[in-house]
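Residue numbers (the working numbering): 330 to 445.
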């Protein structure tokens, strides 16, 4: 939950930006942030970090920093995030087509083998 929600404050769309940052952390870390922390301590600090920041690009680290600002007024909006270099420097979605087709073929082969 975004800090403002935990504190019982008024909140708006930027809670979703916080959630995006948390999901991003979970994707790169392989586990939910704060999973090993005491809930009370997490709710007081809202500090986050990558376990091995050097494994991740500076653009990703900065994107997460923009999403996970504790102060909702400093947290970036969706419009701002769409202009972030982490988003704008990526390959076009069409470049994923070959990977998706390949993954589907592997999945079909695996599923077919499992039934035989």
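A virtual CB, placed ideally from N, CA and C, is assigned to each residue, including glycine.
Per DSSP, reduced to three states, the secondary structure at residue 330 is coil, with no helix or strand assignment.
Apart from sequence neighbours up to five positions away, the residues of its chain that approach residue 354 with a beta-carbon distance below 6 Å are 362, ordered along the chain.
The three-state secondary structure of residue 437, taken from DSSP, is helix.
A direct Cα-to-Cα measurement between residue 408 and residue 339 gives close to 21 Å. Here the alpha carbon of residue 429 sits roughly 28 Å from the alpha carbon of residue 383.
Inter-residue distance for residue 347 and residue 337 is about 16 Å (C-alpha atoms, whole angstroms). Residue state for residue 431 is assigned as helix, using DSSP reduced to three classes.
Annotated three-state conformation of residue 408 is helix, per DSSP. The Cβ atoms of residue 350 and residue 397 sit closer than 8 Å to each other. With contacts defined by Cβ atoms closer than 8 Å, residue 392 and residue 413 form a contacting pair.
Nearest in C-alpha terms to residue 403, of all of 334, 335, 343, 330, is 343.
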